[in-house]
Each structure stands twice: as structure tokens, then as C-alpha cells.
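If you read the sequences in order, they're chains L and B. With this note's numbering as the guide, the letters of the first sequence map in order to residues 1 to 201. With this note's numbering as the guide, the letters of the second sequence map in order to residues 1001 to 1102. Glycine included, C-beta positions come from ideal geometry on N, C-alpha and C.
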Amino acid sequence: MTKNEYLKKLERELTKIPKSEAAKCIAYYNEIIEDTIESGLSEQAAVSKLDTPFSAAQKFLNERSYPVNSEISEKPAKSKTNNLYVLFLILGFPLWFPLYITFYTLVFTVFVIIWSLIITFYALLIAFSVSGVACILYSPIHIILNNNIYLGIAIIGAGLIFIALAMIMSVFAKSSSKGLSIVSMKFLKGIKFTFFKREAA
Amino acid sequence: MDTQLKRGLLEVCVLAALRKEDSYGYQIIKDVSSAIEISESTLYPILKRLETAKLLTVYSVEHSGRLRKYYKITSRGIDRIVDFLDEWKDIMTVYDFINGDK
Chain L
1 MTKNEYLKKL ERELTKIPKS EAAKCIAYYN EIIEDTIESG LSEQAAVSKL
51 DTPFSAAQKF LNERSYPVNS EISEKPAKSK TNNLYVLFLI LGFPLWFPLY
101 ITFYTLVFTV FVIIWSLIIT FYALLIAFSV SGVACILYSP IHIILNNNIY
151 LGIAIIGAGL IFIALAMIMS VFAKSSSKGL SIVSMKFLKG IKFTFFKREA
201 A
Chain B
1001 MDTQLKRGLL EVCVLAALRK EDSYGYQIIK DVSSAIEISE STLYPILKRL
1051 ETAKLLTVYS VEHSGRLRKY YKITSRGIDR IVDFLDEWKD IMTVYDFING
1101 DK
């Protein structure tokens, strides 16, 4: 097939679209064939490299109505998801707001429990040491005032037991406050990670 | 390859072929074929679309007694290449994950 034959056939396939558009398409194939000939091929070879006029026309007609990829997929999709997100946020308010509050209340409760344990240990420590010291100081007074040496010695003994308990409690209070503060830090970090990892990344 | 995907890739390949210098149909096909299969009848609709979307402009130059159409990339066209590369950075991460490189 010669170049002119090819272009004639192509023109016949493109009668359904505006003439100016068809002319541009024909000019394009004309230029391609000329350039291929210029690169060293014969006219016949240059034409036979191309799709048939029918399928070339089909491809053009099919693709003619497609917008550029970036135009269809990207920008409208993004704003759509944003709008939908806001819409769900507003409509879902009665659902997510109580859940949100519940979640933070639970977190707060866990903290209160952790720290009340530590406070308990310290309260016991203070109570035991105060009663221990009080017993030991009171026992000689008791012996002198009531002239009861056995009870006085028993009170000293109780005081010593209280002091021993206070010492045990100080170990507990120290290690628990240290350990639990580490645990609560980890807990906080865990929450932060679950909820804010996107912003952090 | 998925036709929708190929359509998108071809558009960016054509833009990339114009990034260095203005070019014409025959030369664009030669340049792009090193990366992806493209025929004369595939290129034409792409050039049309890119022109309509103002990602490239067209001008004619006289060449050995005839007119040759040259295509010039616009700043929007360059933006499109940059966007494409950004997008595909994420896709390459997924590729590496699926491939098991990590």
C-alpha cells in the first residue's frame, strides 16, 4: 500500500468526526510515514509498519473521549474522600463522642488505680513508722505510770514489729513507685502510638 | 498489563520523552519504545489528550519541504511527571514488600 492509499482509507474511516479533527489525524500519519521513509525505509515498508487504517481509526475513535489519567483519578477523588470524612465525622458524632469519652475515662481510671496503689504503700509506711515510734516512746511512760513492766515490754515489742513492717513497706513503696511509673509511661506511649502514629510518621 | 495502567504510564512516558527537548511523533515513538511498547496509533490519541489537558503544546516547523509537528512540554506537564514519581515511590515500597526484599 502506498502512503496516499493508506491516508485515503484512513480518511474514509474518520467520516463520523469533525473534518478538522480528521485532517489533524491524517496529517499525523502522513508525518509519521514521511519520517519513517526519511529514516531509510521504502514507502511500502513504512506503511506496512503501521496498524491497518481501520484499527488505527478505531484506536483514535475509542481513545478520543478519554480524559488524561491524572485528571480523572486524582484530584476529584481526594476532595471526595475529605468531604466524606467530614460528613461521617459530623453524622457519627453521637456514636464516636461517647466512645471517645469512655476511652479517655478508662485511661484515667487505670492511672488512678496505679497511683492509688502507690499512695496506699506510702500511707502504710507512714502509719507503721508513726505507730512504731509512738509505741517505743510510750512504753517507758507506761512502765513508770502504771508500774506494769510486762505490758511496757510488750508495747516496745509491738513498736519494733511496727518499725520492721515500716521498713518492709518502704521497700515496697520504693520499688512499686519506680515500677509502676515505668508501666504507666509505657502505657501512655502505647496509647500515643495507637492514636498518633500517623502524625508521627 | 492492565490497559488503564498502561494508558497512564504511556502518558507520563511521552511527557518524560519531551522533558529534555521538544520532539516530534516519530522520534517520541523511538525514545519511548525503549521503555514500553508503543505504536504510532497508540501515540496519537495520547498526544491529543495531553494537548487537551494542556500538559503539552504543539507547534509546526518546516522540515525538508514539509511541516513537522513538534510537541513541547508545559509546566503542568512537568508537574504531572513530579506527581507521578511521588506516587510511584509509594508503589515501589509496596513492590519491595511483595517481593520480600525487606
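- Minimum Cα-Cα distance from C135(L) among the listed residues L117(L), A22(L), G159(L) corresponds to G159(L).
- Bridge partners of E1062(B) according to DSSP: L1067(B).
- Secondary structure at K1072(B): strand, using DSSP grouped into helix, strand and coil.
- For T2(L), no CB of chain B lies under 8 Å from its own CB, so it is not counted at the interface with that chain.
- T109(L) and I182(L) have their C-alpha atoms some 17 Å from each other.
- In terms of Cβ geometry, A164(L) and I118(L) do not form a close pair [threshold 8 Å].
- Within the same chain, Cβ atoms closer than 7 Å to the Cβ of K9(L) are found at P53, the five residues on either side in sequence being excluded.
- The residue from I1081(B), G1008(B), K1048(B), K1006(B) with its alpha-carbon nearest to that of K1020(B) is I1081(B).
- When the beta-carbon positions are compared, S184(L) and F88(L) stay at least 8 Å from each other.
- A127(L) has its alpha-carbon roughly 26 Å from the corresponding atom of I149(L).
- Put simply, the stretch 13-31 of chain L touches the stretch 48-63 of chain L. At least three CB pairs are less than 8 Å apart.
- For F60(L), the nearest beta carbon of chain B is closer than 8 Å to its own beta carbon.
- Only exposed fits V107(L), as fewer than 16 other CB atoms lie within 10 angstroms of its CB.
- Secondary structure of S39(L) (DSSP, three-state): coil.
- Around the C-beta of G1025(B), 16 or more other C-beta atoms lie within 10 Å, and the residue is accordingly described as buried.
- Take the alpha-carbon of Y1071(B) and the one of D1022(B): they are about 6 Å apart.
- For S48(L), the closest of N62(L), E38(L), I33(L) by C-alpha to C-alpha distance is I33(L).
- Under the Cβ distance rule, K1069(B) counts among the residues neighbouring chain L, one pair being separated by less than 8 Å.
- About 4 Å separates the beta carbons of G152(L) and I143(L), which is inside the 8 Å limit, making them a contact pair.
- The Cβ neighbour count for F121(L), taken over all protein chains shown within 10 Å, is at least 16; the residue is labelled buried.
- Chain-ordered, the chain B residues with CB closer than 9 Å to the CB of S55(L) read S1041.
- For the C-beta of E31(L), the chain B residues within less than 8 Å are, from N- to C-terminus, Y1024, G1025, Y1026, R1066, L1067, R1068, K1069.
- Residue burial annotation: F103(L) is exposed, with fewer than 16 other C-beta atoms found within 10 angstroms of its C-beta.
- Taking the Cα positions, K186(L) is about 33 Å away from I90(L).
- Secondary-structure assignment with DSSP links S1023(B) through a beta bridge to Y1071(B).
- Under DSSP, the beta-bridge partners assigned to T1057(B) are K1072(B).
- Here the C-alpha atom of A154(L) lies approximately 15 Å from the C-alpha atom of L145(L).
- CA-to-CA, the gap between N30(L) and D1079(B) works out to about 32 Å.
- Between the alpha carbons of T105(L) and P98(L) lies a distance of about 10 Å.
- Contact between the stretch 1049-1064 of chain B and the stretch 1008-1017 of chain B is present, with at least three C-beta pairs closer than 8 Å.
- Around the beta-carbon of M167(L), fewer than 16 other beta-carbon atoms lie within 10 Å, marking it exposed.
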